[in-house]
Structure formats: structure tokens, C-alpha cells
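Here the protein sequences come in this chain order: A, B, C and D.
First residue of the first sequence: 1, per the numbering used here; consecutive thereafter.
First residue of the second sequence: 1001, per the numbering used here; consecutive thereafter.
First residue of the third sequence: 2001, per the numbering used here; consecutive thereafter.
First residue of the fourth sequence: 3001, per the numbering used here; consecutive thereafter.
Each residue gets a CB set at the ideal place from its N, CA and C atoms; glycine is no exception.
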Amino acid sequence: MSQSQWSELVNYFRGRSMWMLHYCTGCGAIELPPVMTSRWDMERFGIIPMATPRQADILLITGYLSIKTLKRVVYTYDQMSTPKWVLGFGSCTINGGIYWDSYNVIDRLDKYIPVDIYIAGCMPRPEAIMDSFIKLREMVQKGEAKGYEKYTKNYEWYKANQDHVFGRSEPVLRKAEEVTKSA
Amino acid sequence: MNSNLIWLVALPLIGSAVAAIVVRYKFLDRLITFLTFATTLFVLFSVHVGQSYSWGLNFLGTTLNLTLNVSHLSIFMLYISIAFGTVLTFYSLIDHSRMKGFLLLLILAANNWIFMSNDMVGFFFAWELMGWASVVSVLGGREREKSRHAALYYMIMSVSGSYSMFFGIFTLWRLTGTFSISANIAYLSSIVGIHPWWVLGIVSLFFVTFMIKAGIFPFHTWVPLAYAYSPDAFTPFLSAVMSKYGIYGMLLFMPLSLMERGFPSAFGGVPWTNYIFVWIGVITAVLGTVLAIFQDDVKKLFAYSSLSNLGYVVAAIALFTPVGITAGIFHAFNHLLFKGTLFITLLAVISRSGTSKLSEMGGLWKKMPITFFTFFVGIASAAGIPPFNGFGSKWLIYQAMIKQHLPFATILLFLASTGAFMYLFKAFHSIFLGQLSHDYDRVKEVSAVGKITEFFLMFAMTFFGVQPGYILKPIGAIVKSMGLKPLPVMANGYVTGMFSNIYVPLISWSLAVSFTLGFILFFVSAKHKYVSQENNYTAGQIPEDWGLTPETYQFSWNFYQPVEKLFAPFFRIKIDGFFRGTGDWTKTIGSAIKEIFVGNAQMYAFFAIVGLIIFVIAGWMA
Amino acid sequence: MSIFNNAALLIGVPLLFAFSIPLFGLISKQLTKWVTLFVIGFNATFSLYILLAHKYPAVVVMGNWVPPFGENLYIGPVAAFLVSVISIIGLLIAIYNLWAIKLGDVTRFSVLFLMFTAGASGIVLTGDIFNLFIFMEITGISSYALAAYGPRRRALGGAFKFLVVSSIGSTLYLLGVTLIYTQLGTLNIAEIAARINQTTPGLLTFAGILLISGLAVEAELFPFNGWVPDTYTGAVSGVSASLSGIAAISGVYALFRIAMTVLGRDGAYVFTYGKLDLMTVIAILATTTVIIGELSALSQKNVKKMLAYSSMAQMGLVAVGFSIGSKLGVYGGIFQLVNHSIAKSMLFLIIGVLAAAGLGEKVENFRGLWRRSPFLSLAFTIGAFSMLGFPLFAGFWSKFAIVGASIQRGGWYDFVIGLVLFASIVEAFYYLRIVTYIFSSTEVKAPKIKVSLSPAIPIFVLAVAIIAIGVYPNFIGNFSMQSAGEFTHKMTGYVLNVIPTIVAH
Amino acid sequence: MTILLKLIQGIGVGALSIAVGLLFIGIGRKITARIQRRYGPPPIQNFFDIFKLLSKRSISHGFAFDLGLIAGFSALLAAVVFLPMGQINIFPHNSSLIMIIYLMTMAYLGMAMGVSSSGNPNATIGIARALTMMMGYEVPFAAVIFSVYIFSRTGSLANIVAAQSGGFLNWNLVRLPFGFVAAEIALQGMLGEKPFDMTIAPSEIASGPMVEMGGKYLGFGMLQHSIGLFIETGIMVDLFLGGASNIWIFIAKQFVLYFAALMINAIMPRFRIEEGVSFMWKFPLLLGVVQALIVVL
């Protein structure tokens, strides 16, 4: 069995069992229970929620990320072991959504960690989530979901962006004017 | 007349005299101790079963014959005790605790004498010698004041014990007119049918002593104190060897198969006196286990663990069936091996970390890997996990109990062994696993001598686990010498109980194969990378943000706290309180009596006159 | 009956020098101590010669008046053995005194000490109950004065109590002697012993009670031992040592010479003539003494007082051994008596040295003594262990024998020995408390204690003796066994050796 | 030659137990899903999971971590070959039940050592709970074991099975009903199903022992669980359901037991740990003791 066939096999199985760590920061978390439970039942695709990043393959970010939460997200993403994929859930992860001009909420999640699939909408319906899962499975089985490799390749760039915003997470009162300037 | 026997006693005495002279220079002291132990072991090779030696002591008006006599039991005991002592003293060459070598040698002399003596004078002499030498050795642990109290407490218990034996010895002497142990036991077994209560009374005088020395249930209170606060290098000997003297004594008297003829049997054909004794053993086992689960001082924890193991032994030998005796002696040996090992590793750990509190240690396994693995093998044996030693004996004990149809005792013993697993893992985790504190960043592994000792002990535990036959054969001889039918045991470790058989090497092979498979599977599957202990899943939180360090955030030691209140009844058992109460009561009476001596001449004159008058009246009445 | 008059020197020489010591005192006070030393040294060598050359049994006859007509000294195994023990311990204490006795009237101290030793030897040697009384008085009076020696006022108090109680004792004794004399018209122990059965039982009982009570004072039996704690504590350590090491021996000897030889009746167990068996009485007294002594020592914080109570209790143990009345029991008693004198005098000497080094007498002061003076610590430990009867030390064998004897006798002695053993547990506790203090550490750095030669010699010798006896008990054991024979078989053992012609009535 | 044969047989049995265990878990997931009105994953889902996990990168906290996990897997593999299952009984004379139980104890020890060498407090809490729970359920189980021992006068599973031969009425299920109930409850605790799953409480302590395990480590954990499931149900079958004439019936009986456990699992909340232990020591222990009394008297 050649290398490529082997990797195809591996990718097939990976697609069949994707375990998910859902990082529920925003209002979008309310859409997950229907996805997990009897209405849409994501387990039939072998997708089950997991407790720790060590065990998970998918990192599902539901909604907006303030700078402090972003720090946690990056930490968690670093703790996941490859192969690992990120689903950005809802407009907030795409462009900040209704927090587009907030001084301490980031827009564009994929400036900081590589996002494989964005789920548009505020907020997306469970069907959308299921659809994204299926899309992700196809990508994985085709071997296209390579976000984690992009992250390792361009690590400096991601790191720079992260540090830039983390710099703003210092206590607000101390350097208020700088914060307002950057906003 | 084999004069090599007397050397077994004389050599240690001479060595201890020499060591006492150079006691100021610790290393010299330890060296002489080790050499003496080794030489004694060497002399022991020339000793065979059936040899005897006796010399006269012009005393008590007649000439006492002090006789040494080598039976199967004694030579077994001699080998295991002296061999372990040699290993321990070899380790203690690099040890810095306040153990005094010459005292250990005194105990060795007493040890050999006790195991060989066939007359009660010598037995008592050696017993007392061992008693005071061990008490003085207990002095000078790390916490001086506590060890002082422990020594006092131990002293009182042991002295009371030996006085009760004193009484028994002379009562037998009055009855038989001889001090020879074998003759007296023969006498007892001859009259046990006629006066069972007499025999029970006399024998219980002895058994009190043995139970105190072995730390069996009502008299267990000194054990945790003496073990926890004795010098770290002495504790292994105290726990591994000295707790066996009591067992040896009981075995001496068991061949009466005492009550068997004298007393009606309780359940399962066990005479009710033995039955009570079985339950005493079971209570000891459970009590020791439960108390050990909640200790924080690791030496105390293992002291209670020794307690429970000796409970096993007593319960087994009290059955006085072939399986029971075999299992009991086998477990005594296993306990000597693994508990000695555990205490030696503790000695290593404590000498490096400087504390014996579980709450202050942790994560040392990367710093002291060899000690870690020795300890691992040790607790595996103590938990009775095949293929290490300690499994076979526990298994045999269950067989023996079940054969006598004592399910409830067996259930409790099983509970004790599960609990043993709990506290053993607690100690294991809190010392070696878990989060390493930065205080121990510069902790080093023990030096070469220690490494050698630990490797040897690991090997021994595995070897006797895989090949129990090498121990079970001599035990079979002992059982036969007690007039019972020994178990069919082959040297290759095919052990057969009454209920089922195990073939220990088979277990080891299957384990070997499966571990090979496990490693293969491990290495063919995807790669892993090593991360530091600080890199842990902490719910996305980086502890430093909260001013927390991993030592504080990832620190966990108080196991089993949730179930503590389940065991509240056990903590209310206050035997200790009873003894201390007696002591205080005596003190009160003493201070009251002291008031007689008012320090006033008239009063003394008055006493004298009153005494005189009383006598006169008495004379008048007579 | 072999005659060996030179043995009179054992009493004569010390007394002679005692009265001539003031002359030496004119030359130098130090000289007197050396003279004492040499005189007692002579006693020691001479008595040892008698003992080892086996010159006994022999009789010393005054002016060729053979007993029972004249006064006589009798040197039996007991006398030879005990005199040697007395004079050896006296010698060692005299060596100690060279260093200890500096202040005050050294000359008179030497006089008294010599008289004391002479009196004690006399008690053991004499064959005449009235001379026994005289020697008791010599010993007594000199020991009051000795006990009063020293700077401390409490010494005076102790000495006074001793004086009062002891004079009562000797009065009672004298009364008893007169009663016997009115009955039998003789004072010779051997003759009385032979003819004791001719007295009227009631009167004999009364006389016996008087004698026993009188002698129980010196033998430290309750309730006649009130003086013990204060006197021992008050006196300087050398004197306490000689009281417990020498006076105790002579006291116990006198008590049981009267109770067993004079009043006693031979047999497997010795009982006494008369309506009341005085051996039983003594046994009860002794047991009470043991219990009371140990229990009072238990709650004692002052080590010296603790030792005093302990020696009271030990005397009780000795008396228990004797009172069993079997050969084994008496053997144990004598053995225990000797061991006790050795160990206890050594302990007192150690206390003296420590006191001189400024160490208090409280138990707490002993904390960490091991660091300050290993020699004294080891010696103290050895003494204490011998007291407790641990093996490898002398005390083991004697305690072993006593317990064995009483259980052999059985009956209510099982109960007695049970009480005694319980008391020994208590004893173990308070001795071990001191020992554990000695080996436990101190926070404060205390200076080392220097022990000069003259106290070191006796302590060392005594410690070595304890271990030697413990390892090889036969040497002392043989002498004790012979002595036991003299006590238990009065006719063959004593009377016939003094007056071969007499027949028992 | 025979050694080689035995070796092959042993490896075969190990593979079988793994396969059956994984299949059971998969079916269990399906059934639970159906109870919850879900569609549920395919029954072979666990094979996908295992393959994925073994092929996924992972982190380790050191050698003790690796060794512990391997030991946890291998010890059970070593234990399963002694279990008589139907006509497959590799070592007929060495099927002492206590020996098997102690071999399984080694697996727990290894697992515990591995995960707690990571120093993660969640893992430690999980282990502490697991050990405590173990003490909880092993006491009633011991009561049952020893009453069966005394009842059928033998301690080896093979002989116990032999003693039950000949019809349904000879099964210990019928002979020792109380013991069976007690053992069934103990089994619930052994399998770590609700209400005794406080060891792995994903919402409280982040799946407890498994918190630091990813990739092949989690895979080993799953393998260990599946073999454990096989052994524990197998022991129950041999003890009470009269063993089996051939392997398929054996597996069927095992599945019946597992199914009952699933049913309870699906509808139960979770005990607190001390509640769990005290429950185990009340009702099942009482039943076990009653059974032992009946047997002895």
C-alpha cells in the first residue's frame, strides 16, 4: 500500500470521527444543544463534544472573542495536537459582528489562528452548523483542511498579530489614551 | 555440639562492642555493622537443621543448660532476617540518620538467639536484650521530642509484655521443673485435653507479649509512633524484621494446635479460640488499612500498613491448617521483603527531600527514577499484584480462609487489600507523581551504593514473585515439622490451594507477551512529543495570569477526603486513650501516695509507732 | 570451729584510725582523706583475701572465751562476702570523696566515714545481738552526722528525721534484746538460735515484733522508712551513696539475721517461731514498700529524690526475695542487694558530679546530657538499666531469681510478684524518662562537663562491674548461693559452725 | 510447539476481546442514542475512533506517562487469556478468579500512575474517585465471589462453569439470586456506567483521568476500557450465567448483561462519590452478606 493510499485511508477515518471542543463565548452557544441532541444529532457523523483540547480535533469558536478570551483560545489551540481544525461560528468571528467597533473585541479570527471554515450568520441555524461539519469532513477526507500546517508555516505572522492585540489587554485605566488611539 | 551456632550470637556481640568503641565515627560504625552482618550471614551458611549447642550457666543453684537448637522454622527466619539486615546495613553506609550500628548488632545477636534458643531463659534474655536495644534505637529520630515520647511508649508496652512472659515462663517452670521450650510445649499439649483453661491462661501470658511485639490489634498503639519517629535507617529493620519475632513466638506455640483438643470448634472446624484469634487478625488488618488511608506522614502511613499486613499473617496462622500456616509464613516473608524495600526507598527519599510529610513532597520521579521504580515494584508487591511477590501469599490466605468457610473474615480481608491499594497509591502519588515543587529542583538520585541496593531489592521482589517455589519449599518443610501435611509445591512456582491453582511463571509470561505487544502498538502508532509538567489542560486558563504557579495550582495531595466521614467510626476507636488513661491514673495515685512522706519527723515517728502497734495487735490476735 | 582472730582487724583497724585521725588532721586536712582511703583499702584487701582464700567459716574469739561464753565475731560466707562488698564500695566512695569533700570540716568527715564503715562491717561480722546493737548505734550516729554534712540546710532536716526515726528503731530493738535475754539469759546469736524454741511463744512473738520493727528502720521498710527520701536528698551525694550502698547492706543483713537465723525455723521455706510468722509480716511490709516506693518515685521531678524512693523500693524487692525463705529466694535477695548497692551508689556519685558541674537535680536538666558528657550518660544509662533488670546488666539475674523464687513458692506469692512486676513497669517508666531525656537534644549549646580523675575512677569501676556481672553472673552468683545456704539452714549453716557442741531444742 | 500454539491462541483471544469490546461500546452508543430518540452513530464507529486516535499526534508528560498507559492496556490483555469463554479456554487449570482480579488491579495501577504523573489536578481527582469507587464495589463483589466459591467448592472459573452445567436451573443465577443482584450492581460500578460514573465526569473534572490523554494515549485508554468491559461481563457470565457451550453464546450472554447495564445507565443521574460508596456498602453488600449466610448455613 503506497504512501498516498495510506494517507487517504487515514484521512477517511479522520473524517469519520471528528471530536469537537466547543469554545462557547457568545450567544451562539444556544444553537449547539439542538445540534448535539435528538433533533439534528451530530453523533451520527461521529462528531461528539469533548472535554479537553488534548482529545479534540475540532475547535469550534462560537461568537465574539474579547482580547482576554482570545488569549485563552490561542492557549487552547496550542494545546490541541495535530491534525486539528478550527470552525469560526457566526459573524462575530468573521468581522466582529455587532461588536465591529468595540475597542476590546477582535474582528477577523483568522488573523490570530487559522480558520478552516467560517459559518456565516448571526446566528447560524443548526442546519448551517451541520452543513459546515459535512463540508469539513469532505475537506478532511480530500486532505484539503490544512489550517494547522498554515499556522506552523506562518507562525511569526500569527504571533505578531496576537502580541499586538495582547498588548492592548493591559489594564485599561493605565494607558487609556493609547487604547482609544488604536481603537 | 556445633560450636558454629554460638558464633551466630557471639559475633554480633563482639562486633557491637567494637562498633560501640568507634561509635563517634559514624561511617566506621556503619562499616563494622555491615561487615558483622555479612560475616554472620557467612557463618549461617555452615548452619544446618538439627544442629544444637548448649552450655551450662551456674545459676539458680543448679546448672542451667542454655541450648541453641536449629529447627526448620528457625533457619528460615535466620536466613531472611540476616539477609535483609545485610542489605539494609549495606545501604546504611551512605545514610546520615542517627541510627547506631552497635545497637543494631545487639539486636542481631538477640535476633539469632531468639530464633535458635530452645530454653526459655535464653529466650527471655534475648527477648529483653532485643527490647531495650530497639527502644534505645528508636530514640534520635528526626523529631527528637516526638521520638523520645515514642520510645517511652514503646518501652512501657514492651516491658509490660516481657513481664507477662516472665510470669508465664516461671509458671511453666513451676509446673514442669524445666526451662526447655520443647519439653514445656509437649507438656502443655499433653494436658490441654484435661485442663484447657489452664493451658489457655498460660499461653495467653505468652501471647500478650507476642501480640505486643507484632503490634496486633489491642496492642497496636505503639507501632505508628515508634515507626514514624525512629531513625529513618532503623525503621526498615523495625518493620521488616522485628515485627516477625511476635509471629515466630506464636508459631512456636501454635504446634500445640492448642485449643484443638481442648476446645470445641467454632465455624468451619476452627477451634473457637483460634477463631477469635482469626478475627483479631482481621480487625488488625482492616483497622490498619483504614487508618493508613488518611495519614499524612508517610512513615506513619506505612507503619499502619505493616499493622494490616501482620493482621493478615496472624489471621492466616491462627487457622492452623496447612494452607493457613504456609500462607502466613509466606506472607510474613513477603512483608519483610516489600515493606523493607519500601522503607529503604523512603529512607532515600527523606534523606533527599528532608521531609516525611506527603503534603510537602511530589513529582520526584523525574529526579530519582531508580528509587521511583523500586518504590513502584514495592507497592505493586504490597498490593499483591502479580508477578511481584506478595501476590502468592495473599492469594493463599484467601484460599485458606475460604477453605475453612469463613466468608465474612475473607470479605473484610479483601476490603483491607483494596484499601491497601488506595493508601499505597496515595503514597506513590504524593511522593513521586504529581507536580514537582521548585524546592526540589536540586534533588539528586541516591549514590551508587543506594542504586545497587535498590536494583538488588527490585530483582529480589520480582524473582520471588515469579519463582515462589524457592520460598514455599522451606516453608513446606516447616509445615511438615509442625506435624501438618505440606502443600504440593514445586520449585517452579506451581502453587495449588485447596480451591484453585495458579502457575505464577505462566502469569509472568503472559504479562511479558502482552507488554511486548503493548510496546509494539505504542511505537507503531503516531508520534508523541514530550511536554513539560507545567503545560497542562487548565480550562484555557494560564495560571500565571492569576499569580498562580503550577506548584500551587496543580498541587493535589489530600486524597480520599470526600470519604473520610464514611470511616468516622474507625477514628473513634481509642485503645491508645485507654492505655494513656491507665498511665495517668497510675501517676495520680503515685502523687497521692507521695503525700505519705510529709517530710515531718513527728509524723514519721508516728508512722513507726502505729506500725509497731498494728503488729503487736496482730501478734495478739494470732 | 576454726578460729581466725586476725579478722578482728576488719573492725579494729578502722576504729583505731578513726580516733587517731585528728592527729593526722593536725598535719594536713587532705592527708586525713588519704588515710581514710588507705585504711578502707586495707579492709578491702583483707576481706577479699578472706573471701578468695576461703578462710571462712571461722570464729573470732575475744580473750579465749569460746562462744557462747565470750563475745565472738563469726565470719561465715555471708559475712565474708558482704564485708568485702561493703569495704570495696566504701573504698570507691572514699576515692570519690578525695575530690568531693573540700569545704567544711574534712577531718571530722573522715573520722565519721571511717566509723561508719567500721560499724557497718561490725554489724555484718558480729555474732552477738547486743554487739549488733552497739555497731548499729555506731553506724547510725556516724551516719546522722554524715548526712548533716554539707552546706545545705535541708541536709540538717534530713539528718534530724533520720536521727528521730532511727533512735526509735534502736530503742525497739534494745527492748526486744532485753526480752530475749530475760528468757534465755544469753546474748550469743548462735545459742539463742539454737534454744529459741524454749521461750514462751507469746513473749517470743512480742520480742520478735520489737526486733523486726527496730531493724526495719535501717532496712528501709515501710512504715519505718519515713526518713529515707529527705535524708538521701539532703545529704551530699557521697553520703547518699554510702547510705544506699553500705548502710542498706548492713541493715538488711541485720534484719534477716534476726528474722531467719535467730527466730527462724528451718525447712523448704523458712518460717519463724512464735504465734505470728514474722516472715509473712516482712513479706507484706516489703510488698507495700515496693509499691509505695515506685509509685512515689513516679511523680517525682527531682532526680535525687527519685533515686531515694527507688532505693526504698529496691530494698523492698530485696526483702521480698529474702522473705520467700527458700534458698533461691534468699539467693536472689542477696544478689539483688549487691547489684543494688553497686548501681545505686554509682548513680548517686554521678548525681554528685553533675551537681558539682552546676547541673540541677530536676529531670529536665538531664536533657541533652549525652552531648555534654558521654561518659556520665553511658554510666547513668548502665546503672538505670541494671536497676530495671535488663539483660547484659547485673540486675537481670537477680530480678530473674527473685521472680522465679516467688512463683516457685506460688500461693499468695503469685499475687505479691504480680504487684512487684507492676511496680517494676512504673520503675521502668521513670528511669527511662531520664534516659530518654539524656539522649534527646537541646536547643541551647551547653559546655562539656569535665570529669576529673578521682570521681571518674569509682564510676568507671562500678559501671564495668555491672556489665561484668551481667555478662558473667557466676562469680557473684556462687557467693550469693553459699550465703543463701547460711541463711536458710540455720543449724548447719550457722549455729554448728559457731558452737559445734550445741544441740537444737 | 504447544507454547507457540498457546501464544497464537492468546493473541487471538486478545484481539477478539478488543473487537467484541469495541463493538459492544459502539452498539451501546447506538442503543443509547435510540433511547434518546437520536439516530446514533454506526455500531462500528469505535473502530474509526480507535484508528483515528492511534494515527493522531499526541503529547506525553514523560516516560511514566507512556509506561502507565501501556501497562493499563497490557495487563488487561494478559488477564483476558485466563478467562474461560465458551469452548475457548487456553489455560484450563489456571483460571483462578482472584488471580484475574489482581491482574486487572495492575491495569488500574498502571493507568493511575500514568495519568497522575502528568500532575493535572483533574486527573488526580479522577484517580482518587476511581480508587475510592473501587473499594466501594469490590466489597460486595468479594462477598458474592466468596459465596460462589463456597457454594460450588472451587475457586477456578472453569470449575465454577462446570459446576453449573446441565440446564438453566443449575445456573448460579437461579441458585444464588441475591448474589446475582449484588454482583449486577457491583458490575455497574465496575463498568463505570451511571450512576457510578463519577470517575469520568466530563462536566465537573474534564473527564478525569483522561484529561491529559490525546491521540494514541486516549486510544490505549479506549482499548483498555473495551477489554475491561469484556473481562468483567465475561466473569459475570462464568459466575452466574453458567458459562457457555461456544464463544458466540458466550458473547451473547455478555451482551445481555451489558444491555442491562446500558438501560440503567441511560436513565440514571450521577452519584456523588461518597454517596456511591455508601450505597454500595448498604444495599448490595447487604444482599451479598445475606447470600453468604445462606450459603454457609
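Judged by beta-carbon spacing, residue 1327/B lies within the 8 Å limit of residue 1397/B, meaning their Cβ atoms are closer than that value. Listed in chain order, the alpha helix (DSSP H) runs fully inside the segment 2423-2477 of chain C are 2453-2471, counting runs of at least 4 residues.
A straight line joining the alpha-carbon of residue 1280/B with that of residue 1217/B spans about 6 Å. Looking at the DSSP output, residue 2061/C sits in a beta bridge with 2072/C. According to the DSSP assignment, residue 58/A belongs to no alpha helix (DSSP H) but to the beta strand (DSSP E) extending over 58-62. The three-state reading of DSSP puts residue 1558/B in coil, since its state is none of H, G, I, E or B. Contact annotation for residue 2425/C against chain B: 1156, 1159, 1160 and 1163 [CB-CB distance below 7 Å, chain order].
Residue burial annotation: residue 1107/B is buried, with at least 16 other C-beta atoms found within 10 angstroms of its C-beta.
Listed in chain order, the alpha helix (DSSP H) elements of length 4 or more contained wholly in the segment 1358-1403 of chain B are 1369-1382 and 1391-1403. At least one CB of chain B lies nearer than 8 Å to the CB of residue 2213/C. In the structure shown, residue 3043/D falls within a coil segment according to DSSP collapsed to helix, strand and coil.
Residue 2426/C counts as buried, since at least 16 other C-beta atoms from the protein chains shown sit within 10 angstroms of its C-beta. The beta carbon of residue 3103/D lies closer than 8 Å to those of 3075, 3076, 3078, 3079 and 3082 in the same chain, with the five residues before and after it left out.
Judged by DSSP in its simplified three-state form, residue 2029/C adopts helix. The beta carbon of residue 1456/B sits closer than 7 Å to the beta carbons of 1087 from its chain, once the five residues preceding and following it are set aside; these are given in chain order. Annotation: residue 1272/B is outside any beta strand (DSSP E); the continuous alpha helix (DSSP H) that includes it extends over 1272-1293. Taking 8 Å as the CB threshold, residue 2408/C lines the interface with chain B.
Following the DSSP letters along the chain, one finds residue 136/A inside the alpha helix (DSSP H) bounded by residues 126-142.
Judged by DSSP in its simplified three-state form, residue 164/A adopts helix. Counting only residues of its own chain and dropping the five nearest sequence neighbours on each side, residue 2462/C has a CB closer than 6 Å to the CB of 2342 and 2346. Per DSSP, residue 1530/B is one residue of the beta strand (DSSP E) stretching across 1528-1530. Between the segment 2303-2310 of chain C and the segment 2232-2251 of chain C, the count of Cβ pairs shorter than 8 Å is three or higher; the stretches touch. When CB distances to chain B are screened at a threshold of 7 Å, the residues of the segment 3099-3110 of chain D falling below it are 3099, 3102, 3103, 3105, 3106 and 3109, in chain order. The three-state secondary structure of residue 2497/C, taken from DSSP, is helix. Remark: C-beta atoms of residue 3219/D and residue 3054/D approach each other more closely than 8 Å. Membership of residue 85/A in the beta strand (DSSP E) is indicated by the continuous run 85-89. About 6 Å separates the Cβ atoms of residue 3181/D and residue 3287/D, confirming a contact at the 8 Å cut-off.
Comparing alpha-carbon positions, the option among 107/A, 67/A, 56/A and 106/A lying closest to residue 86/A turns out to be 56/A. In its chain, beyond the 5 residues on either side, 1115 and 1116 have a beta carbon closer than 7 Å to the beta carbon of residue 1074/B. When secondary structure is reduced to three states using DSSP, residue 1064/B falls in the strand class. At least one CB atom of chain B sits nearer than 8 Å to the CB of residue 3121/D. Residue burial annotation: residue 3037/D is exposed, with fewer than 16 other C-beta atoms found within 10 angstroms of its C-beta. Straight-line measurement puts the Cα of residue 2401/C at about 7 Å from the Cα of residue 2329/C. Here the alpha carbons of residue 2493/C and residue 2175/C stand approximately 27 Å from one another.
Between residue 2129/C and residue 2189/C, the CB-CB gap stays under 8 Å. In this structure, residue 3085/D and residue 3234/D form a Cβ contact; the two beta carbons are roughly 6 Å apart against a cut-off of 8 Å.
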